[in-house]
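Q: Here's a structure for you.
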Amino acid sequence: MNSSAFPSLLLSFEPGRIFIFFQLLENGFIIKGKVGCSVKEFLCNRMFIEQEYLDKRIQTIFLNGKPVDDVNSAMVKDGSTISISAAMPGLAGAMMRRGGALASMRSGISYVPAETGSDSYEGKVTIKFFNLISRELGPEFLKRGIIIEGKTFSGFIGANRKIIEEGLFSAEKDGVKIETEKLFNIMWQDKSELVLKVTGKQDNRTMPDTATLL
Numbered sequence: 002m003n004s005s006a007f008p009s010l011l012l013s014f015e016p017g018r019i020f021i022f023f024q025l026l027e028n029g030f031i032i033k034g035k036v037g038c039s040v041k042e043f044l045c046n047r048m049f050i051e052q053e054y055l056d057k058r059i060q061t062i063f064l065n066g067k068p069v070d071d072v073n074s075a076m077v078k079d080g081s082t083i084s085i086s087a088a089m090p091g092l093a094g095a096m097m098r099r100g101g102a103l104a105s106m107r108s109g110i111s112y113v114p115a116e117t118g119s120d121s122y123e124g125k126v127t128i129k130f131f132n133l134i135s136r137e138l139g140p141e142f143l144k145r146g147i148i149i150e151g152k153t154f155s156g157f158i159g160a161n162r163k164i165i166e167e168g169l170f171s172a173e174k175d176g177v178k179i180e181t182e183k184l185f186n187i188m189w190q191d192k193s194e195l196v197l198k199v200t201g202k203q204d205n206r207t208m209p210d211t212a213t214l215l
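See the structure below:
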């Protein structure tokens with residue numbers, strides 16, 4: 002599955018305001034590539050999240066809305082949704098923490114593996130970042146590029162037009178520079194999906210493209 006089939010948008014943005022795009026990470030972005038693997042393999046080998054970060058920082062994982070304790074046995078399939086979070090506050094947060102002392106209190110809603118591993122195949126997975134994960138991983142993933150639905154992006158730029166206009170240095174659609182006004186005039190809601198990349202003005206490093214992973 003090739004992300005080049007979708008419109009691409011590159012935004013050069015004021016680094017101190019990139020946080021506005023974290024909303025898109027919380028709402029959910031899409032990764033297309035090989036599935037039929039464990040959550041751990043998907044996060045570490047498909048999304049290039051360091052295992053140490055997974056072990057120490059990602060304290061809560063939901064797979065299709067169910068809290069995951071064992072990242073090695075929980076299987077990612079086509080159409081899966083993975084939500085990841087740092088430690089959440091309060092009793093509820095402690096209960097949802099993977100492998101935590103209170104995990105048994107929510108056994109009725111915990112993810113239970115239905116099958117073991119299978120051959121990998123092409124699929125689409127929705128990823129959601131929350132709280133500290135958005136702030137710590139968000140800028141990196143925005144540089145790499147994320148796939149989002151056109152209607153989602155249309156609603157986002159409409160609701161955040163002022164701060165986008167204030168923080169935007171330049172915009173390119175499909176490799177061609179466009180004026181700020183055109184960015185808002187494009188009917189993004191008519192696009193099924195698009196690849197969005199956001200970089201700080203001075204950040205011109207070449208990043209691995211993980212919008213589509215093989």
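Okay, so the sequence shown: first residue is 2 according to the numbering used here, each after it adds one. Glycine included, each C-beta is placed from N, C-alpha and C at the ideal position.
Can you list, in chain order, the residues of its chain with a C-beta nearer than 8 Å to that of S155? Leave out the 5 residues immediately preceding and following it.
A: Once the five neighbours on either side are set aside, the close Cβ partners of S155 are M188, W189 and Q190.
Q: Helix or strand or just coil, what does DSSP make of F14?
A: If DSSP states are grouped into helix, strand and coil, F14 belongs with the strands.
Q: State whether the region 137-146 contacts the region 38-45, with contact taken as three or more CB pairs (one from each stretch) at a distance under 8 Å.
A: With a cut-off of 8 Å, the region 38-45 and the region 137-146 do not count as touching, because too few Cβ pairs lie within range.
Q: Any chance the region 22-29 sits against the region 151-171, with 3 or more Cβ pairs inside 8 Å?
A: Yes: at least three Cβ pairs fall under 8 Å.
Q: Can you give the beta carbon distance from E53 to F170, rounded, assuming they're within the 8 Å contact cut?
A: Their Cβ separation, rounded to whole angstroms, is 34 Å, which puts E53 and F170 out of contact at 8 Å.
Q: Tell me the residue span of the alpha helix (DSSP H) that contains I158.
A: Note, I158: alpha helix (DSSP H), G151 to A160.
Q: Does the distance from the C-beta atom of K129 to that of E194 stay below 8 Å?
A: No; because the gap between Cβ atoms is not below 8 Å, this pair is not in contact.
Q: Name the two residues that bound the continuous beta strand (DSSP E) containing L195.
A: Counting along the chain, the beta strand (DSSP E) containing L195 begins and ends at E194 to G201.
Q: Rounded to whole angstroms, how far is the Cβ of S86 from the Cβ of T127, which I believe are closer than 8 Å?
A: Their Cβ separation, rounded to whole angstroms, is 15 Å, which puts S86 and T127 out of contact at 8 Å.
Q: Is it buried or exposed for F7, if we count other Cβ within 10 angstroms and need 16 for buried?
A: Buried.
Q: According to the Cβ coordinates, are K33 and K125 closer than 8 Å?
A: Yes, they are a contact pair.
Q: Suppose you measure from the CA of V40 to the CA of G29; what does that come to, to the nearest Å?
A: Their Cα atoms are separated by approximately 17 Å.
Q: Apart from the five residues on each side of it in sequence, which residues of its chain come closer than 6 Å, Cβ to Cβ, to K183?
A: Correct list: empty, nothing qualifies.
Q: Should R99 be labelled buried (16 or more other beta-carbon atoms within 10 Å of its own) or exposed?
A: R99 comes out buried.
Q: What's the call for I164, buried or exposed, on a 16-neighbour Cβ count within 10 Å?
A: The residue is exposed, with fewer than 16 neighbouring Cβ atoms inside 10 Å.
Q: Pull up the distance between the alpha-carbon of L10 and that of K174, whole angstroms please.
A: The straight-line gap from Cα to Cα measures roughly 5 Å.
Q: Pick helix, strand or coil for K129, following the three-state DSSP scheme.
A: K129 falls in the strand class under three-state DSSP.
Q: Less than 8 Å between the C-beta atoms of I31 and I149, yes or no?
A: Yes; because the gap between Cβ atoms is below 8 Å, this pair is in contact.
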